[in-house]
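Each residue of the sequence shown is one higher than the last, beginning at 33 in our numbering. Just so you know, even glycine gets a beta-carbon here, dropped at the ideal spot from N, CA and C.
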Amino acid sequence: MSHQDPVSPPTPSPSRAASTWGSSIADPGPLGLAGFAGTTFFLSVVNTNMLGTTVQGTVLGLALFYGGLAQLLAGMWEFTKGNTFGALAFSSFGAFWMSFWYLINHVVPAELAAKASAPDILHSIGLYLLVWSIFTAYMTVAALRTTGAVLAVFVLLTLTFIALTIGFFGESVADFEANSNVWIHIGGWLGIITALAAWYASFAGVTNATFKRVVLPVMPR
33 MSHQDPVSPP
43 TPSPSRAAST
53 WGSSIADPGP
63 LGLAGFAGTT
73 FFLSVVNTNM
83 LGTTVQGTVL
93 GLALFYGGLA
103 QLLAGMWEFT
113 KGNTFGALAF
123 SSFGAFWMSF
133 WYLINHVVPA
143 ELAAKASAPD
153 ILHSIGLYLL
163 VWSIFTAYMT
173 VAALRTTGAV
183 LAVFVLLTLT
193 FIALTIGFFG
203 ESVADFEANS
213 NVWIHIGGWL
223 GIITALAAWY
233 ASFAGVTNAT
243 FKRVVLPVMP
253 R
């Protein structure tokens, strides 16, 4: 029994040259999923208020290098392998984490320095999350043609983004300072479950590839 790539959906046959080049590259899926899972897990723990918002900055290193750069590289390798779904997903979420790093490090401080309205800043973050909710929702439709493991990640991630979007649109300055917004806490718990699902898909991908057989099922569709 051959191992199942947990990310790649059925794709048209590439040219012989592209096929030869792509076949010489290891599956980048487990790397992209692991980078996504680790960063999502950390930020989601913060969003549940188990640690508090004062430590949110600790995630920025993960966001830039593991969730960001590692996923972006995984996306580029997926392009080489001819996997449109994996290429778009990993490149986009790599860019998401890089943009999150820039948002927290540069954009929000600049807006605060310019004396922007705090509610407007919170609502703009809500709009930012709405953009990612829409993207993740239509990628969930495409994920129906991948594997059950990847589909579970995208369903859970869509719910996570929706909860966080609702939370930030309804967030008040008092809620933010007290970290008491229920929807953001729900988004945090959903994010933790999403991260665990992504870690499983990554674990299955690397284990099945290493053992050259299906050790952990990913439910190919």
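> From 171, 94 and 212, pick the residue whose C-alpha is nearest to that of residue 73; which is it?
Replying inline: With distances taken between Cα atoms, residue 73 lies closest to 94.
>> Comparing C-alpha positions only, which one of 154, 192 and 105 sits nearest to residue 57?
In response: It is 105.
> Terminal residues of the continuous alpha helix (DSSP H) containing residue 207?
Replying inline: Element bounds for residue 207: 205–210.
>> Let me check understanding here. Comparing Cα to Cα, which of 77, 211, 200 and 107 lies closest to residue 160?
In response: Closest by alpha carbon: 200.
> Candidates 65, 215, 192 and 211: which alpha carbon is nearest residue 100's?
Replying inline: Selected option, being the one with the closest Cα: 65.
> Whose CA, out of 157, 186, 88 and 154, lies closest to the CA of residue 169?
Replying inline: Considering only 157, 186, 88 and 154, the residue with the shortest C-alpha distance to residue 169 is 186.
>> So if DSSP puts residue 252 in a beta bridge, which residue, or which two residues, is it bridged to?
In response: Looking at the DSSP assignment, residue 252 forms a beta bridge with 179.
>> Mapping the DSSP letters down to three states, classify residue 162 as helix, strand or coil.
In response: DSSP places residue 162 in the helix class (H, G or I) of the three-state scheme.
> If we count the other Cβ atoms within 10 Å of its Cβ and call it buried at 16 or more, is residue 176 buried or exposed?
Replying inline: Residue 176 comes out exposed.
> Using the beta-carbon count (16 or more within 10 Å), is residue 87 buried or exposed?
Replying inline: The C-beta of residue 87 has fewer than 16 other C-beta atoms within 10 Å across all chains shown, which makes the residue exposed.
> For residue 215, which residues of its own chain have a beta-carbon under 6 angstroms away from its beta-carbon, when the five flanking residues on both sides are left out?
Replying inline: Short of 6 angstroms from the beta carbon of residue 215, and not among the five residues preceding or following it, lie these beta carbons of its own chain, in chain order: 195, 198 and 199.
> Starting from residue 234 and walking both ways along the alpha helix (DSSP H), at which residues does that stretch end?
Replying inline: For residue 234, the enclosing alpha helix (DSSP H) begins and ends at 214–243.
> On the three-state DSSP scale, how would you describe residue 46?
Replying inline: Per-residue confidence for residue 46 stands at a pLDDT of 42, beneath the threshold of 50, marking its modelled position as unreliable; no derived number is given.
>> Could you compute how far the alpha carbon of residue 149 sits from the alpha carbon of residue 136?
In response: One alpha carbon belongs to residue 149, the other to residue 136, and they sit about 16 angstroms apart.
> Which ranges does the beta strand (DSSP E) cover as unbroken runs of at least 3 residues, wholly within the segment 53–82, from first to last along the chain?
Replying inline: You should have found no qualifying run.
> Alpha carbon to alpha carbon, what distance is there between residue 243 and residue 193?
Replying inline: In this structure, the straight-line span from the alpha carbon of residue 193 to that of residue 243 is close to 35 angstroms.
> The alpha helix (DSSP H) spanning residue 118 covers which residue range?
Replying inline: Residues 116–134.
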